[in-house]
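Before any comments, here is the structure.
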Amino acid sequence: MNRKKGFSLERREKAWGYLFVSPWVFGFLVFTAGPLLFSLYASFTNYDITSQMDWIGLRNFHRMFKEDPLFWISLKNTLFYVVLMVPLTTLSSVTIAVLLNVKIPGMRLFRTMFYLPSVLSGVGVYLLWMQILNPESGLVNRILAFIGIHGPAWLTDPNWTKPAIIFMKMWSIGGGMLMYLASLQGVPEQLYEAAEIDGAGARLPQIPQHHAAHDQSGHLFRDCHRLDRRFSDFPGGLRHVG
Amino acid sequence: MKAVKRTSLALLTLTLSAGAVLAGCSSKNDASGSAPSSGASSGKQEKVTLDFWTFWGSTTRRPIIEKIISDFNASQDHIVVKHTYLPWGDIWTKELAQVAAGNPPDVIVNDISTVAQRAQKNQNTNLKSFIGSEDIKSRFFPELWNTTLYKGDAYALPFTTDTRVMFYNKALFKEAGLDPNKPPATWDELAADAKKLDKIGSDGKIERLGFEPNLAAGWDLFLVNSDGLAFVDDKGAHINTPSKIDALNYIKSWEDRLGKKNLDAFQAGFGSKQNDPFISGKLAIKIDVGTFWTQIRDFYPKKEDIGIAPLPEFKPGTGHNSVGGGFVVEIPKGAKHPKESYEFMKYLTDVAAQKYWAQYNFDNVANIQASNDPELQKDPVYKATVDNLKYTKVTPVPLNAPDFRNLLNPEVDAVLLGKESPKDALDKAQAAVENLMKQNTK
Chain G
1174 MNRKKGFSLE RREKAWGYLF VSPWVFGFLV FTAGPLLFSL YASFTNYDIT
1224 SQMDWIGLRN FHRMFKEDPL FWISLKNTLF YVVLMVPLTT LSSVTIAVLL
1274 NVKIPGMRLF RTMFYLPSVL SGVGVYLLWM QILNPESGLV NRILAFIGIH
1324 GPAWLTDPNW TKPAIIFMKM WSIGGGMLMY LASLQGVPEQ LYEAAEIDGA
1374 GARLPQIPQH HAAHDQSGHL FRDCHRLDRR FSDFPGGLRH VG
Chain W
3 MKAVKRTSLA LLTLTLSAGA VLAGCSSKND ASGSAPSSGA SSGKQEKVTL
53 DFWTFWGSTT RRPIIEKIIS DFNASQDHIV VKHTYLPWGD IWTKELAQVA
103 AGNPPDVIVN DISTVAQRAQ KNQNTNLKSF IGSEDIKSRF FPELWNTTLY
153 KGDAYALPFT TDTRVMFYNK ALFKEAGLDP NKPPATWDEL AADAKKLDKI
203 GSDGKIERLG FEPNLAAGWD LFLVNSDGLA FVDDKGAHIN TPSKIDALNY
253 IKSWEDRLGK KNLDAFQAGF GSKQNDPFIS GKLAIKIDVG TFWTQIRDFY
303 PKKEDIGIAP LPEFKPGTGH NSVGGGFVVE IPKGAKHPKE SYEFMKYLTD
353 VAAQKYWAQY NFDNVANIQA SNDPELQKDP VYKATVDNLK YTKVTPVPLN
403 APDFRNLLNP EVDAVLLGKE SPKDALDKAQ AAVENLMKQN TK
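Each protein sequence line maps, in turn, to chains G and W.
Heads up: the first sequence at position 159 corresponds to 1332 in this note's numbering, and the numbers run straight through without jumps.
Heads up: the second sequence at position 48 corresponds to 50 in this note's numbering, and the numbers run straight through without jumps.
Put into structure tokens, the structure is as follows:
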């Protein structure tokens, strides 16, 4: 009787719990963990999908680290990109979000304008950038010429391709900006009032501290997310420069 | 509570069994789908549908291949070919996945230089049993036929090939005081003519360029042209040969003379079609595949001003060596109707289809009779590309050096960026490729 009772309540609830998470567990095992472990194993073999899978030990890794002339360069480029890109985009999207959080007429228009580049995407934008960054007739070098700077060949000079990619990415920080803006909007009005009473000055400088206190978890998520995206963002740049 | 449990159990059972029934149905459909094919081979008039994958989706090429397919469909009554276009960047990756999954297309267009590699990896089908005693080999240029062999058996039929020729602008030659009917025949003449054709501002800015080997041809072509040896063939790697080192020095000397910055700036503004520097009259000599003529024909205002000639020789007597590639048609491993697929491939490589392809696409075709067709040869440009085939080498990538380019290209890039000397770079690449071949031979 006792046993039956335990079974019908706690255990049954547990069973239902497992039943409800099972699709996710199944998906994780089959589509994420499985392929992950398989790739790990395959990296020690000469796997070619159709004909062979023999154990060759660390041979592939030896080749990658010691023989591939591009591996270390790629790694260096990726690091360069991440180290510059993450602080730059975080800083500028916060700044723009703060500016766009001010209540003045026509603000919706400004918000739309800053967000618009993130909606445009793909090859069209890259073609546009190729024209803007053209060393002879491009907008950027024309403007630089007005102040006496002879602009570089942005997309072909190896010293300038990485900055050019960062430059292009900075144009579409609207996505991050929008997330910061949303959390700024969530800061209660009382906090600002309290700050004013405490004798804080103009509104803009107050915001970072108050905001930080209010919304740290959100930051962390976004920054990790961004870091991950930066590491995996290279194909876009390659398509462009390549 | 009990009732709830029963209901949900019943629901669960129902869902699962529905799934099973559906799965059963689909496998039944598969079975009935393959039944007609066996019927067809035993003489019943049930049609077999073949899925034919190409990357020919442009407004120029798509109508041509689809006309050939519809001609084939009309020519017999037991096979229907369906064309599937896949973008150039996806087609072979997708095919590989489909082969691995056991559900590949029936016929596919693939790269001519890697047929044996795919044969070795079980990715395409041995054609021996379908060819039988038929002499299909004699319809193709022997060099192209040889690319399809793995351990003596054919795994594909050659479809097209190509060749690099020199295009030059006679009007600009006249303007620069050069004889428009005497294109440069050696590398020295090329350099001398190009200097006369250049129009360069006092600040080094290039207004018009005579020629530049990397920008208007490609460094790899010049290296192979110098001694006529492919980088890698079945005899080994020929990367740091004295001629190839000289060739890379030659290429570097152009870049040094003109200035990398100026070349970058010149190149950055160009694209294809009307935007091609040769077609817009900003470049006097260009080396490209024969089909580049279609762009001249369609976009250059006075095409009779454009001359065509074989590549210049490194030194008198070293040969007007050019390189070619091309495409084959083959049956991916595991395709369901290989016999019918082969029949379609035979049609694709026969005279009528090949002639049609050559005529409208301006491509070099693999079928000798179609390539030498007198009607097609009336066109002097077409004839020039066919004549150039005798200087052209099509070299399959050896089985033990599949990705040797990954070892060579970065080294040459380093030379062109001024970070390494030509000799050091090619020595390094040679050693790396030899090492690769040794490891893959074990």
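Heads up, the beta-carbon is just placed ideally off N, CA and C, and yes, glycines get one too.
Could you confirm whether any beta carbon from chain W is found closer than 8 Å to the beta carbon of residue i?
| i | result |
| --- | --- |
| residue 1216 of chain G | no |
| residue 1224 of chain G | yes |
| residue 1243 of chain G | yes |
| residue 1408 of chain G | Because residue 1408 of chain G sits at a pLDDT of 43, beneath the cut-off of 50, its placement in the model cannot be relied upon, and the point is left open. |
Can you check whether the C-beta of residue i is within less than 8 Å of a C-beta belonging to chain G?
| i | result |
| --- | --- |
| residue 304 of chain W | no |
| residue 434 of chain W | yes |
| residue 400 of chain W | no |
| residue 409 of chain W | yes |
Can you give the Cα-Cα distance for residue i and residue j, rounded to whole angstroms?
| i | j | result |
| --- | --- | --- |
| residue 1213 of chain G | residue 1254 of chain G | 27 Å |
| residue 1308 of chain G | residue 411 of chain W | 26 Å |
| residue 107 of chain W | residue 241 of chain W | 38 Å |
| residue 1296 of chain G | residue 1302 of chain G | 10 Å |
| residue 74 of chain W | residue 83 of chain W | 8 Å |
| residue 126 of chain W | residue 342 of chain W | 15 Å |
| residue 1186 of chain G | residue 1196 of chain G | 17 Å |
| residue 264 of chain W | residue 408 of chain W | 28 Å |
| residue 178 of chain W | residue 1241 of chain G | 47 Å |
| residue 233 of chain W | residue 433 of chain W | 13 Å |
| residue 1263 of chain G | residue 1280 of chain G | 21 Å |
| residue 215 of chain W | residue 1356 of chain G | 56 Å |
| residue 99 of chain W | residue 1202 of chain G | 21 Å |
| residue 353 of chain W | residue 1244 of chain G | 48 Å |
| residue 383 of chain W | residue 295 of chain W | 8 Å |
| residue 1269 of chain G | residue 1256 of chain G | 21 Å |
| residue 205 of chain W | residue 211 of chain W | 15 Å |
| residue 1337 of chain G | residue 1320 of chain G | 20 Å |
| residue 1349 of chain G | residue 94 of chain W | 37 Å |
| residue 25 of chain W | residue 1190 of chain G | Here residue 25 of chain W scores only 46 on pLDDT, less than 50, and its place in the model should not be relied on; the value that follows carries that caveat. Going by the C-alpha atoms only, they are around 28 Å apart. |
| residue 340 of chain W | residue 130 of chain W | 12 Å |
| residue 1223 of chain G | residue 236 of chain W | 24 Å |
| residue 400 of chain W | residue 1192 of chain G | 54 Å |
| residue 385 of chain W | residue 379 of chain W | 5 Å |
| residue 373 of chain W | residue 415 of chain W | 37 Å |
| residue 314 of chain W | residue 195 of chain W | 12 Å |
| residue 175 of chain W | residue 338 of chain W | 57 Å |
| residue 1385 of chain G | residue 1365 of chain G | With a pLDDT of only 49 at residue 1385 of chain G, under 50, the local geometry of the prediction cannot be trusted, and no value is derived from it. |
Since residue i and residue j should fall inside the 8 Å C-beta cutoff, what is the C-beta to C-beta distance between them, to a whole number of angstroms?
| i | j | result |
| --- | --- | --- |
| residue 318 of chain W | residue 188 of chain W | 6 Å |
| residue 149 of chain W | residue 114 of chain W | 5 Å |
| residue 362 of chain W | residue 66 of chain W | 5 Å |
| residue 208 of chain W | residue 260 of chain W | 7 Å |
| residue 291 of chain W | residue 394 of chain W | Incorrect: roughly 11 Å between the Cβ atoms, too far for contact. |
Determine the chain W residues that contact residue i at a beta-carbon separation under 8 Å, and present them in chain order.
| i | result |
| --- | --- |
| residue 1329 of chain G | 266, 269 and 270 |
Which residues in chain G have a C-beta closer than 9 Å to the C-beta of residue i? List them in chain order.
| i | result |
| --- | --- |
| residue 215 of chain W | Result: empty, since nearest Cβ-Cβ is about 17 Å, beyond 9 Å. |
Comparing the CB of residue i with every heavy atom of the ligand ATP, is any distance shorter than 7 Å?
| i | result |
| --- | --- |
| residue 123 of chain W | Within the structure as shown, the ligand ATP is missing, as the structure has no ligands at all. |
Run down chain G in chain order and give the residues with a C-beta less than 8 Å from the C-beta of residue i.
| i | result |
| --- | --- |
| residue 413 of chain W | 1242 |
| residue 102 of chain W | 1222 and 1223 |
| residue 98 of chain W | 1222 and 1223 |
Residues of chain G with CB closer than 7 Å to the CB of residue i, please, in chain order.
| i | result |
| --- | --- |
| residue 124 of chain W | 1223 and 1224 |
| residue 330 of chain W | In chain order: nothing, as chain G lies at least about 18 Å away. |
| residue 419 of chain W | 1331 |
Counting only Cβ pairs nearer than 7 Å, list the residues of chain W close to residue i.
| i | result |
| --- | --- |
| residue 1326 of chain G | 263, 266, 267 and 270 |
Quiz item: Between the region 1195-1210 of chain G and chain W, which residues of the former have CB atoms less than 7 Å from a CB of the latter, in chain order?
Solution: Those residues of the region 1195-1210 of chain G that come within reach of chain W (Cβ to Cβ, closer than 7 Å) do not exist; the list is empty.
Exercise. Below 7 Å between beta carbons is the criterion; list the residues of the region 1289-1315 of chain G that meet it against any residue of chain W, in chain order.
Key: 1307, 1308, 1309 and 1310
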